[in-house]
Amino acid sequence: YNVSPRKLKWPNNNLTFRIENFTPDMKKADVERAIRQAFNVWASVTPLTFKRLHSGIADIMISFAARDHGDFNSFDGPNGLLAHAYAPGKGIGGDTHFDEDENWTKESNDYNLFLVATHEFGHALGLEHSREAGSLMFPTYSYSPGFPLSEDDIDGIQELYGPNPNRKVKPKPDAPKKCDPMLSFDAITELRGETILFKDRFYWRIHPQMPEPELTLIRSTWPALPKEVDAAYENSDKDMVVIFSGIKMWALSGYDMVEGYPKYIHKLGLPKKVREIDAAVHIPETGKTLLFTDEQYWSYDERTSTMDVGFPRAIELDFPGIGKEVDAAVYDSGTLYFFHDYMRFEYSYRSRKVISIVRANSILNC
Amino acid sequence: VPIPGDETDERLQAEKYLSRFYNLPAGLLGARKSSDVLQTKLKEMQAFFNLKVTGKLDAETFDTMKLPRCGVPDVGE
Chain A
102 YNVSPRKLKW PNNNLTFRIE NFTPDMKKAD VERAIRQAFN VWASVTPLTF
152 KRLHSGIADI MISFAARDHG DFNSFDGPNG LLAHAYAPGK GIGGDTHFDE
202 DENWTKESND YNLFLVATHE FGHALGLEHS REAGSLMFPT YSYSPGFPLS
252 EDDIDGIQEL YGPNPNRKVK PKPDAPKKCD PMLSFDAITE LRGETILFKD
302 RFYWRIHPQM PEPELTLIRS TWPALPKEVD AAYENSDKDM VVIFSGIKMW
352 ALSGYDMVEG YPKYIHKLGL PKKVREIDAA VHIPETGKTL LFTDEQYWSY
402 DERTSTMDVG FPRAIELDFP GIGKEVDAAV YDSGTLYFFH DYMRFEYSYR
452 SRKVISIVRA NSILNC
Chain B
-18 VPIPGDETDE RLQAEKYLSR FYNLPAGLLG ARKSSDVLQT KLKEMQAFFN
32 LKVTGKLDAE TFDTMKLPRC GVPDVGE
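Laid out in structure tokens, this is it:
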């Protein structure tokens, strides 16, 4: 998190706000509810209280306006900048403006006023943007239901105002730390020469031309995917990435979702008792895709779109040295990379043995 | 998707600088399109320092931001 320059904050805990006008996009009562709820979010983790005024000057003056609206910081039409707020202070300090050119909603479509208002009030209380993806104070909008603050947001606001002595809240889970020695992965796949590593609600993107892996919320890039994924693999012949979560699977072509999905994983020929896939990897030389679940794996023939006979087989027997279960797997030039807990096993597919074992996050330059 | 520049940290620092000295209020960007608000403020700053006015956070602009300032009123306060 970041606090504003010189830690600007309100000198007292009893703040006032006033809604100067309303957006025609929503019912007046819904706007009032969204604003009140947004203040309540911050009040739940600090000793701050927010009282609404219906006239006069409040600490935080709230308005909807388009383009040039008299503060020398014009809005830019639909999308782009959604709203802005001034750091604590007299006069314009704390004031929060929403771009009327956006379509404001109380749902998940377009821009949810409650979420944007909560972010902006973070600024109005003295927080700057956080570089932690998934935090409310991250500078790009993304929709997610439930309590919007992450541990990072709470740490930031409590540095300024301290905690709320009367309430405990459950923050959103933190973004994973790439150099955490205990880091494990949910799924890994190649995607047109990039490597995508899924972990909780996030994914890292490793691109040969990017010096550092980039962490993003899955939902920000693919809103139609589930919150978390179990397994993924790339079939480069079909230019397709298949993503598994529970008993369903989705497909990507590049970064675009392929129509006709999700499908049930049982369409592949898996028995109904299989309820999730732990890891998946495609071997281009054989045209087979290996699907790992619990202590067994299946082999799927991509050319005939059928499950090979003689499966499932025990992972431990066919891939000696990697243990009984697998979290994620990728294949590169005759080598399979298996990930389990915080370990990465480099396994020679040709000589059928483990060549080396390193930390899982060595793939993230840790 | 396009490869982002490796200037995330620099952008955050520039945002802080511009909010402190050029009254740039912190805001939230939409999911679909970037905004030219930061660009406008950068142009203002580059014009003030007689830099080449590009609206981009180039090395010269960023280096100027790092220089100590003296006797300049703090707009933010």
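So the sequence lines, in the order shown, correspond to chains A and B.
If you read the first sequence in the numbering used here, its first letter stands for residue 102, the second for the next number, and so on.
If you read the second sequence in the numbering used here, its first letter stands for residue -18, the second for the next number, and so on.
For each residue, glycine too, the CB sits at the ideal point set by N, CA and C.
Other residues of its chain near R168 of chain A: CB distance less than 6 Å, five sequence neighbours each side excluded: Excluding its 5 nearest sequence neighbours in each direction, R168 of chain A has C-beta neighbours in its own chain below 6 Å: S175, F176, listed in chain order.
C-beta neighbour in chain B for D253 of chain A, strict 8 Å: Judged by the 8 Å Cβ criterion, D253 of chain A is not in contact with chain B.
Neighbour flag for A256 of chain A against chain B, beta carbons, 8 Å: First, the residue type needs correcting, since residue 256 of chain A is Asp and not Ala in the sequence shown. No, no contact with chain B.
The stretch 15 to 26 of chain B: positions lying closer than 7 Å to chain A by Cβ: Contacts with chain A (Cβ-Cβ distance below 7 Å) from the stretch 15 to 26 of chain B involve S15, S16, D17, V18, listed in chain order.
Sub-8 Å separation of T42 of chain B and Q27 of chain B beta-carbons: In this structure, Q27 of chain B lies closer than 8 Å to T42 of chain B by Cβ.
Near-chain B residues of the stretch 354 to 375 of chain A (beta-carbon distance less than 7 Å), N- to C-terminal order: Taking 7 Å as the Cβ-Cβ cut-off, the stretch 354 to 375 of chain A approaches chain B at Y356, given in chain order.
8 Å contact criterion, which Y365 of chain A and K349 of chain A should meet: CB distance rounded: Correct: roughly 6 Å between the Cβ atoms.
Nonlocal neighbours in the same chain, by C-beta distance under 7 Å from R414 of chain A, ignoring five residues either side: For R414 of chain A, where only same-chain residues beyond five positions count, the Cβ hits under 7 Å are Q397, Y398.
Cβ neighbour criterion (16 or more within 10 Å) applied to K300 of chain A: In summary, K300 of chain A is buried, with 16 or more beta-carbon neighbours lying within 10 Å of its beta-carbon over all protein chains present.
DSSP beta-bridge partners of F303 of chain A: Within the DSSP secondary-structure output, F303 of chain A pairs in a beta bridge with A:K300, A:L318.
Residues near K373 of chain A in its chain [Cβ-Cβ closer than 7 Å; skip 5 each side]: Answer for K373 of chain A: H367, listed in chain order.
Positions along the stretch 228 to 253 of chain A whose CB lies within less than 7 Å of some CB in chain B: Residues of the stretch 228 to 253 of chain A whose Cβ lies closer than 7 Å to any Cβ of chain B, in chain order: E229, H230, R232, P240, T241, Y242, S243.
Cβ-Cβ separation, A130 of chain A to K207 of chain A (assumed contact under 8 Å), whole Å: Between A130 of chain A and K207 of chain A the Cβ distance is about 10 Å, and since that is not below 8 Å, they are no contact.
With 16 other Cβ atoms within 10 Å as the buried cut-off, status of M162 of chain A: Counting the other CB atoms within 10 Å of its CB gives M162 of chain A a total of 16 or more, which places it among the buried residues.
Per-residue DSSP class, three states only, for E447 of chain A: Strand at E447 of chain A.
Outcome for F215 of chain A when other beta-carbon atoms lying within 10 angstroms are tallied against a minimum of 16: Buried: at least 16 other Cβ atoms inside 10 Å.
7 Å CB neighbourhood of G388 of chain A in its chain, flanking five on each side removed: If you ignore the 5 residues before and after G388 of chain A, its C-beta comes within less than 7 Å of the C-beta of D402, E403, R404, all in its own chain and listed in chain order.
Residue interval of the alpha helix (DSSP H) (run including L261 of chain A): 252 to 262 is the span of the alpha helix (DSSP H), which, as asked, contains L261 of chain A.
Buried versus exposed call for G195 of chain A [16 or more other C-beta atoms within 10 Å across all chains shown]: By the 10 Å Cβ count, G195 of chain A comes out buried.
Every unbroken alpha helix (DSSP H) within the stretch 374 to 419 of chain A, with a cutoff of 4 residues, ordered by chain: 416 to 419, all fully within the stretch 374 to 419 of chain A.
Contacts around K152 of chain A, its chain only, beta-carbon distance under 8 Å, and the 5 residues preceding and following it disregarded: Counting only residues of its own chain and dropping the five nearest sequence neighbours on each side, K152 of chain A has a CB closer than 8 Å to the CB of N115, L116, T117, F118.
Proximal residues to A159 of chain A (C-beta, below 7 Å), its chain only, five neighbours per side dropped: Within the same chain, A159 of chain A has close Cβ partners T117, F118, R119.
CB of D357 of chain A within 8 Å of CB of S346 of chain A, strictly: No.
Interface partners of L5 of chain B on chain E, CB under 8 Å: Within the model displayed, chain E is absent; protein chains A and B are what it includes.
Where I136 of chain A falls: helix, strand or coil (DSSP): In this structure, I136 of chain A counts as helix in the three-state DSSP scheme.
Minimum Cβ-Cβ distance from A(-5) of chain B to chain A less than 8 Å: Chain A, which has no Cβ nearer than 8 Å to the Cβ of A(-5) of chain B, makes this no.
Beta-carbon proximity list for F123 of chain A, same chain, < 8 Å, skipping 5 on both sides: Excluding five sequence positions before and after F123 of chain A, the CB atoms of its chain that fall closer than 8 Å to its own CB belong to K129, V132, F165, given in chain order.
Unbroken stretches of the alpha helix (DSSP H), 4 residues or longer, contained in the stretch 15 to 49 of chain B: Here the runs fully enclosed are 18 to 29, 40 to 47.
Rounded C-alpha distance that separates Q259 of chain A from L371 of chain A: The straight-line gap separating the alpha-carbon atoms of Q259 of chain A and L371 of chain A is approximately 50 Å.
Secondary structure, beta strand (DSSP E): runs of 3+ residues fully inside the stretch 153 to 223 of chain A: Segments of the beta strand (DSSP E) lying fully in the stretch 153 to 223 of chain A: 161 to 166, 182 to 186, 197 to 200.
Per-residue burial, F440 of chain A [other beta carbons within 10 Å of its own, 16 or more giving buried]: Under the 10 Å beta carbon count, F440 of chain A is surrounded by 16 or more other beta carbons and is classified as buried.
Coarse secondary structure for K(-3) of chain B, derived from DSSP in three states: Of the three classes helix, strand and coil, the one that applies to K(-3) of chain B here is helix, per DSSP.
For E233 of chain A, the three-state DSSP class (helix, strand or coil): In this structure, E233 of chain A counts as coil in the three-state DSSP scheme.
Closest Cα partner of H185 of chain A within the set B:V(-18), B:Y(-2), B:P6: Ranking B:V(-18), B:Y(-2), B:P6 by Cα distance to H185 of chain A puts B:P6 first.
Closest residue to R376 of chain A among A:D395, A:P363, A:T322 (Cα-Cα distance): Considering only alpha carbons, the answer is A:D395.
According to DSSP, residues forming a beta bridge with G8 of chain B: Under DSSP, G8 of chain B shares a beta bridge with A:H185.
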